[in-house]
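Step one of this worksheet: look at the structure below.
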Amino acid sequence: MDDPLSTHLTSQFGQCSQELINLTLTGQAVSNVFDNTLILHDGSVQCRGISSQVHIGYLTHLEALRYCQVGSYFKSPKFPIWMIGSQSHFSVLFSTSYDPLKEDPTQVLLNNCRRAFASIPSAEESGFIASTSLGDVLDAIRETEFCSDTHNLKMNWLHQINQCQIDKLVAHLEVIHFIIVILNNENSFLKNIDSYYNNP
Amino acid sequence: MMLNFVHFLSCDDGSIPPSVLKDIDRLLWDQRVVTIDDIQRWLSQGIHTAASSFNNTSNASSNFASDEMGDSIHQWGLVQDHGGPCGVLAAIQSELLALILFGHDLPCDRLYNKVFPHIKRTNDISSTTTTSYHDTQSNKSISIETSTTSITTEIRNRNETTAPLLRIFPDSLFNDDDNDLQQQRIPMIDSSLIHRSMATALGWILARAAMASTSAEDDIETIFQQANVKLVLPSSFCMNVKENPVRSLQASSTEKLSFLRCITLMLAQKDTVLSHSNSHIHSPLMDSLFATLRWSSPDDFRLHIMSLLAYCVADYLQFSKALYQFFNADGGVIRFTQSLILTRGIVRMQQGILIVS
Chain A
1 MDDPLSTHLT SQFGQCSQEL INLTLTGQAV SNVFDNTLIL HDGSVQCRGI SSQVHIGYLT
61 HLEALRYCQV GSYFKSPKFP IWMIGSQSHF SVLFSTSYDP LKEDPTQVLL NNCRRAFASI
121 PSAEESGFIA STSLGDVLDA IRETEFCSDT HNLKMNWLHQ INQCQIDKLV AHLEVIHFII
181 VILNNENSFL KNIDSYYNNP
Chain B
1001 MMLNFVHFLS CDDGSIPPSV LKDIDRLLWD QRVVTIDDIQ RWLSQGIHTA ASSFNNTSNA
1061 SSNFASDEMG DSIHQWGLVQ DHGGPCGVLA AIQSELLALI LFGHDLPCDR LYNKVFPHIK
1121 RTNDISSTTT TSYHDTQSNK SISIETSTTS ITTEIRNRNE TTAPLLRIFP DSLFNDDDND
1181 LQQQRIPMID SSLIHRSMAT ALGWILARAA MASTSAEDDI ETIFQQANVK LVLPSSFCMN
1241 VKENPVRSLQ ASSTEKLSFL RCITLMLAQK DTVLSHSNSH IHSPLMDSLF ATLRWSSPDD
1301 FRLHIMSLLA YCVADYLQFS KALYQFFNAD GGVIRFTQSL ILTRGIVRMQ QGILIVS
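Chains as they are written, first to last, in my numbering: chain A, 1 to 200; chain B, 1001 to 1357.
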């Protein structure tokens, strides 16, 4: 719970709170639906989210209203079953086949990149990272298990890249005054690096 | 890596101190907004399907018994009588569906198959669209055929040559253009499957709460230490269940929450002395499963122990009839939620914000 003193497991009209939902779905009574832990204010405040893939997913109308963003752990559960949070009711959406869970490899890579990007303190809220953190992000991407398949996406360079090359890349970014790497839509972040690496 | 563990299902039933119940209440209800009606709706809601309704047994049978298999949603769909606890019900419903539809794909596939020992799954290699089950108890074969427009279940008695077709899901659920239904494995939905899956679903939710990590660093020893699940049952239920199930059934429906006792189910490592437990329920099935456990990482180990714990809870709920007599009855949702909170522990739940000065 992000705020243990004033958090309750039910809210008005006896509705279940997000903490109780998360407790049933993940075993942890965390307060957020995004992936992993969000670190704010230079690490002094941690907002805990979902820490690993879950059996049952969770989707909410609040995301459609742009009040929150559900992380990929909840969106891509192990089984094609999602709990649906709507305005006044929780219900269940399920499929009898695994097809709805089939993800585009690019999408998987993008999710991994997003998580790697968000692992840098304050990156998620500001949308950018310091160029010195680029190596950490690339390391985090490399650690994700999916990277073993990235050769399909011509991402071999990600495994071959060494510290020296990362330094060169960072130096180049600074030379051209492109010191902010923005992870927006598409995987522009990786494409930028990719295009640099392939055509230095 | 393989360790030789012996599994005990130990019942450590002790009364819950009133202070703990108060703490649970404080955590559960926001005193600023909650009303008596809100709480009352939670207290009146049980965890039951239309077919297994505890309170309306007569009504349910008149409505659904004639159509025992056809409309299977009555078998697996939980019924909500009161607003409020829909989140907990939706979670249980999700787990229930996951076990019915995809239970065979859990990492503990062999565990699951042993949990349903009388239903053997045989895959017909020549036809990818047919999955066959053989029930040795009732001597029936079931084959499930998947077509592009519907999923049909065929029950074939050995003596009969003609086979009635049962539809698990209506045609309208599936698009005519959808050809990707070949991988589906829908077991025949009968009351014993639902009963077992319901118990296991509750077990999974509790086991996860017991064992989900609070910190990044975990070794196998600490995982094992976390392996206990607490069930909240009324005291009269605990005392009477062995001698007089009927009496306890009557008692539990009128039981007030103040007579609750806590039953702890735990997995014990071999040679561990459980000093404070009153009884051991030895489960030979679980022993044999435990002996075959193998794992590759602490996370993998955690998952295996979690599933064992889930099946332990399911065993207990079925063995003691606690599932139907207690969680299905009015107030089942609140008792399950209390179990969940006690299992997770209030201290662990309130770990959250971390102020580093």
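C-beta atoms are modelled at their ideal positions from N, C-alpha and C, and glycine is treated no differently.
Nearest neighbour of residue i, chosen from the options [CA to CA]
| i | options | result |
| --- | --- | --- |
| A1050(B) | C1262(B), R1302(B), H1074(B) and F1301(B) | H1074(B) |
| D1330(B) | Q1080(B), I1100(B) and A1212(B) | Q1080(B) |
| R1032(B) | T106(A), G49(A), R114(A) and S6(A) | S6(A) |
| N101(A) | I120(A), N112(A), H89(A) and P77(A) | Here the sequence assigns Leu to residue 101(A), which means Asn is not the residue at that position. L101(A) has its Cα closest to that of P77(A), out of I120(A), N112(A), H89(A) and P77(A). |
| P1085(B) | D3(A), H89(A) and T96(A) | H89(A) |
| T37(A) | Q28(A), T26(A), I50(A) and G27(A) | I50(A) |
| Q107(A) | R66(A), K75(A), A140(A) and R48(A) | K75(A) |
| A1207(B) | V1020(B), Q1351(B), Q1318(B) and C1312(B) | C1312(B) |
| S131(A) | R142(A), A171(A), L93(A) and F94(A) | A171(A) |
| Q12(A) | L169(A), M83(A) and Q87(A) | Q87(A) |
| S1191(B) | W1029(B), T1337(B) and G1077(B) | G1077(B) |
| I81(A) | I56(A), L65(A), E63(A) and A64(A) | I56(A) |
| V1333(B) | A1090(B), V1034(B) and Q1318(B) | A1090(B) |
| I1263(B) | T1214(B), S1339(B), W1204(B) and I1194(B) | S1339(B) |
| G27(A) | I1205(B), G1103(B) and L1193(B) | I1205(B) |
| Q68(A) | Q165(A), Q163(A) and Q18(A) | Looking at the sequence shown, residue 68(A) is not Gln but Cys. Checking every option, the nearest Cα to that of C68(A) belongs to Q18(A). |
For residue i: DSSP bridge partner residues
| i | result |
| --- | --- |
| Q46(A) | I39(A) |
| L59(A) | I84(A) |
| Y1261(B) | The displayed chain sequence assigns Arg, not Tyr, to residue 1261(B). Paired residue(s): S1015(B) and L1233(B). |
| F90(A) | G85(A) |
| C16(A) | T10(A) |
| L1078(B) | T1049(B) |
| F74(A) | Partner(s): none; F74(A) has no beta bridge. |
Nearest-angstrom Cα separation, counted from residue j out to residue i
| i | j | result |
| --- | --- | --- |
| V33(A) | Y1316(B) | 33 Å |
| I1036(B) | I1305(B) | 40 Å |
| L1027(B) | R114(A) | 34 Å |
| L997(B) | L1265(B) | The structure shown does not extend to residue 997(B), since chain B spans only 1001 to 1357, so no value can be given for it. |
| S31(A) | I1024(B) | 18 Å |
| M1198(B) | A1314(B) | 8 Å |
| S1044(B) | H1082(B) | 7 Å |
| S1320(B) | D42(A) | 52 Å |
| L134(A) | C16(A) | 40 Å |
| Q1093(B) | G71(A) | 22 Å |
| L1342(B) | Q1040(B) | 21 Å |
| D1038(B) | D3(A) | 23 Å |
| D136(A) | I120(A) | 8 Å |
| T60(A) | N22(A) | 13 Å |
| P1017(B) | L1233(B) | 14 Å |
| I1346(B) | L1231(B) | 15 Å |
| C47(A) | D35(A) | 10 Å |
| S1248(B) | D104(A) | For S1248(B), the predicted model reports a pLDDT of 36, less than 50, meaning its position is unreliable and no value from the coordinates is stated. |
| L25(A) | G1046(B) | 19 Å |
| H8(A) | R1344(B) | 15 Å |
| N1358(B) | L62(A) | Shown here, chain B extends from 1001 to 1357; a query on residue 1358(B) therefore has no answer. |
| N1328(B) | D1299(B) | 33 Å |
| L110(A) | Y1324(B) | 46 Å |
| A29(A) | S1307(B) | 20 Å |
| Q1318(B) | R1196(B) | 8 Å |
| D1030(B) | S1019(B) | 17 Å |
| Q1351(B) | R142(A) | 30 Å |
| L1302(B) | I1194(B) | The question names Leu, but residue 1302(B) is Arg in the sequence shown. Each residue's alpha carbon lies about 26 Å from the other. |
| L20(A) | T10(A) | 8 Å |
| S1147(B) | S1213(B) | In this prediction, S1147(B) has a pLDDT of 27, which is less than 50 and means its spatial position is unreliable; what the coordinates show is noted afterwards. So the two alpha carbons sit approximately 43 Å from each other. |
| E1095(B) | I166(A) | 45 Å |
| V1034(B) | W1042(B) | 12 Å |
| I39(A) | V54(A) | 22 Å |
Rounded distance between the beta-carbons of residue j and residue i, thought under 8 Å
| i | j | result |
| --- | --- | --- |
| R1261(B) | G1014(B) | 7 Å |
| A1210(B) | L1099(B) | Their Cβ separation, rounded to whole angstroms, is 18 Å, which puts A1210(B) and L1099(B) out of contact at 8 Å. |
| L1097(B) | V92(A) | 7 Å |
| A140(A) | A123(A) | Wrong, their Cβ atoms sit about 11 Å apart, outside the cutoff. |
| Y58(A) | G85(A) | 7 Å |
| F1336(B) | V1088(B) | 7 Å |
| S97(A) | Y73(A) | Going by Cβ atoms, the distance from S97(A) to Y73(A) rounds to 21 Å, so no, they are not a contact pair. |
| F128(A) | F1102(B) | In fact, because the Cβ distance is near 40 Å, the residues do not count as touching under 8 Å. |
Cutoff 8 Å: residue i Cβ touching any chain C Cβ
| i | result |
| --- | --- |
| R1335(B) | The question asks about chain C, but that chain is absent: this structure's protein chains are A and B. |
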